Amino acid sequence: MSELSCARRLAVEIGRDARERKAFASDLLDARLGKSGLNAADRAFTRVLVLGVVATVGTLDEVIGRCLDRAGDVGLQLRDALRVSTYEIIFLNKDAYVAVDQGVELAAFVQPRARRLANAVLRRIMAARKSFPFGDPQTDDAALARLYGFPLWMAQMFIAEMGRTSAEQFMAASNEPASVYFGVNALCTSDAAIENAFTREKITLKPVTLPVVSAGESSAQRMPSTHRAPTTQTASSLHGAFATHKEFSGDTESSARTVTISGCFEAPHASTVTSHVARRAFDQGQLLVSDAAAQAVALLALPDVAPTSFLEVGSGRGTKTILLQSNAYRRFGTQMDLTCVDDHEFKMNVASSRAERYGAHISHPLVADGRTLSPARFNAGFAAALVDAPCSGLGTLRRHPEIRWRLAPRDIAALAELELDLITAAARLVVPFGQLTYATCTVSAAENEGVIKRFLASDTGKQWRIVPTPVGGASKLFFKTTLTAGGCDAHFACRLRRIN
Numbered sequence: 001m002s003e004l005s006c007a008r009r010l011a012v013e014i015g016r017d018a019r020e021r022k023a024f025a026s027d028l029l030d031a032r033l034g035k036s037g038l039n040a041a042d043r044a045f046t047r048v049l050v051l052g053v054v055a056t057v058g059t060l061d062e063v064i065g066r067c068l069d070r071a072g073d074v075g076l077q078l079r080d081a082l083r084v085s086t087y088e089i090i091f092l093n094k095d096a097y098v099a100v101d102q103g104v105e106l107a108a109f110v111q112p113r114a115r116r117l118a119n120a121v122l123r124r125i126m127a128a129r130k131s132f133p134f135g136d137p138q139t140d141d142a143a144l145a146r147l148y149g150f151p152l153w154m155a156q157m158f159i160a161e162m163g164r165t166s167a168e169q170f171m172a173a174s175n176e177p178a179s180v181y182f183g184v185n186a187l188c189t190s191d192a193a194i195e196n197a198f199t200r201e202k203i204t205l206k207p208v209t210l211p212v213v214s215a216g217e218s219s220a221q222r223m224p225s226t227h228r229a230p231t232t233q234t235a236s237s238l239h240g241a242f243a244t245h246k247e248f249s250g251d252t253e254s255s256a257r258t259v260t261i262s263g264c265f266e267a268p269h270a271s272t273v274t275s276h277v278a279r280r281a282f283d284q285g286q287l288l289v290s291d292a293a294a295q296a297v298a299l300l301a302l303p304d305v306a307p308t309s310f311l312e313v314g315s316g317r318g319t320k321t322i323l324l325q326s327n328a329y330r331r332f333g334t335q336m337d338l339t340c341v342d343d344h345e346f347k348m349n350v351a352s353s354r355a356e357r358y359g360a361h362i363s364h365p366l367v368a369d370g371r372t373l374s375p376a377r378f379n380a381g382f383a384a385a386l387v388d389a390p391c392s393g394l395g396t397l398r399r400h401p402e403i404r405w406r407l408a409p410r411d412i413a414a415l416a417e418l419e420l421d422l423i424t425a426a427a428r429l430v431v432p433f434g435q436l437t438y439a440t441c442t443v444s445a446a447e448n449e450g451v452i453k454r455f456l457a458s459d460t461g462k463q464w465r466i467v468p469t470p471v472g473g474a475s476k477l478f479f480k481t482t483l484t485a486g487g488c489d490a491h492f493a494c495r496l497r498r499i500n
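For reference, each letter of the sequence shown is one residue, going 1 to 500 in full-length UniProt numbering.
Given below as structure tokens:
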């Protein structure tokens, strides 16, 4: 019998809290680890355990179920402990003696009389490890889903939409640690000043590049012909967004192009956010944390010329709000007349407070359901709009791994309906020849290309054309990033222009 490690004890406590409160584990980790008194190695191990368990919880429960005589033998708190130990055995391939010994101690920590049951179950799980994932992942969808800790229906959706190889790569990448990206607030500092500040602390920030799909037959041909954008619009759009404007720099004529996003830098390590120089920049409103793909969307949403007014639907806690105004200042030399809409008052309060701290001006904060916005309320209309749509978030699974087990197939369909309503309502508020950008952080085709196709086929959508934006490496028509180890999250955006 050995003493239970502090990392495992804290991991089961955080897992329990996440289950009971339906909270994001990453948020709980950030709150608990700083007060834990654990050393760096134990803090890192706790993070691995907590995020690993919530990412694979359905698979862990299946394995535990296979090794129980009766499902009712295990209550929720004991199951929390067994999940941690099962994750170590199945996904971390821990030594048998250590895994079982610590697993028994962990079970006793939450339920003192559970030693004997835990010992028996964990030994069975050790034996089951030899045959996991209980099938051939190359041919068996269920085995492939188990291998990466995904619900079967979701794995099958990925296979159907991406192909088996790409689906497996996506699921594998979803289990990797997320990169950390900084966004520079141009309202109060410069990229060079931030780089120099980090360099003085011997920290090198890496500029972020994204691929541009080479010219050729556009995937716009998959849309009804009446909704295709003119071929010349692709070239002018790319030159406008990536070359003459300096937010993106790159050779737009090259056959193998990349674009560098000004103001966006990758941190060398996750711990960089806690460095003295980073904390000082956060405190002074010079820097914020935002995925590179999200930062790119906040650039692409800006039109070619300074808009007389801009509408942001789904402003959330204000990260893109700050980025939009920072980018507007970077591009136009001034902030925009910005109306922000969100249907949660507490989020709007957070967004307003953050925007004020960063010097970003919100002209009109509005707590409202974006689906109910009517042209009568905004007589002059908007020159440009961004619909940052609430979505399934499947492109952000590295940051919020529990999402995969909280979703059901019906949720994808319901979200697609909501998203269609939001883009339709926003489109009615944009003036002729204005720009509308629709964005998500998911890979679900129903929520991305599916929403755009349905919108363009609607009465409102017939007034709109797609502005090809082949950035991100996955589409010749849309901004679309793929999930890869060490890369940004998977985001989608479609830019549209009203033609009448």
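Cβ atoms here follow ideal geometry from the backbone N, Cα and C, with glycine treated the same way.
Please read all numbers here as calculations on a predicted model, not as lab measurements.
{"Asked": "Cβ-Cβ separation, F170 to V471 (assumed contact under 8 Å), whole Å", "Found": "Not a contact, Cβ separation roughly 19 Å."}
{"Asked": "Where T107 falls: helix, strand or coil (DSSP)", "Found": "Here residue 107 turns out to be Ala, not Thr, going by the sequence shown. DSSP places A107 in helix when its eight states are reduced to three."}
{"Asked": "Outcome for T481 when other beta-carbon atoms lying within 10 angstroms are tallied against a minimum of 16", "Found": "buried"}
{"Asked": "C-beta atoms of A351 and D342 nearer than 8 Å", "Found": "yes"}
{"Asked": "Local conformation of P409 per DSSP, three classes", "Found": "helix"}
{"Asked": "Cβ contact check for the region 359-378 and the region 313-324: 3 or more pairs under 8 Å", "Found": "yes"}
{"Asked": "Check whether Q102 and T189 have beta carbons under 8 Å apart", "Found": "no"}
{"Asked": "Buried versus exposed, by CB contacts within 10 Å (16 or more), I412", "Found": "buried"}
{"Asked": "Counted within 10 angstroms of its Cβ, other Cβ atoms place K476 as buried (16 or more) or exposed", "Found": "buried"}
{"Asked": "Top-ranked residue by Cα proximity to F478, from A485, A446 and Y438", "Found": "Y438"}
{"Asked": "Per-residue burial, V12 [other beta carbons within 10 Å of its own, 16 or more giving buried]", "Found": "buried"}
{"Asked": "Between the CA atoms of R123 and K130 - distance to the nearest angstrom", "Found": "12 Å"}
{"Asked": "Cβ neighbour criterion (16 or more within 10 Å) applied to K271", "Found": "Per the sequence shown, the amino acid found at residue 271 is Ser instead of Lys. S271 is exposed by the Cβ-count criterion."}
{"Asked": "Pick from E62, F45 and F158 that is closest to P409, judged by C-alpha positions", "Found": "F158"}
{"Asked": "Backbone CA spacing between A229 and V305 [nearest angstrom]", "Found": "At A229 the pLDDT is 40, less than 50, meaning the model places this residue with poor confidence; the figure from the coordinates comes in the next sentence. Roughly 20 Å between the two C-alpha positions."}
{"Asked": "Residue(s) in a DSSP beta bridge with P211", "Found": "T258"}
{"Asked": "Cβ-Cβ separation, A155 to D141 (assumed contact under 8 Å), whole Å", "Found": "6 Å"}
{"Asked": "Buried/exposed call for L300, threshold 16 Cβ in 10 Å", "Found": "buried"}
{"Asked": "Residue from A380, C391, G163 and L418 with nearest C-alpha to T372", "Found": "L418"}
{"Asked": "Three-pair Cβ contact test at 8 Å for the region 162-182 versus the region 260-279", "Found": "yes"}
{"Asked": "Backbone secondary structure at T139 - three-state DSSP", "Found": "coil"}
{"Asked": "Burial state of residue 556, where buried means 16 or more other Cβ atoms lie within 10 Å", "Found": "This structure gives no information on residue 556, because the portion of the chain shown stretches from 1 to 500."}
{"Asked": "A172 - containing alpha helix (DSSP H), residue span", "Found": "R164 to S174"}
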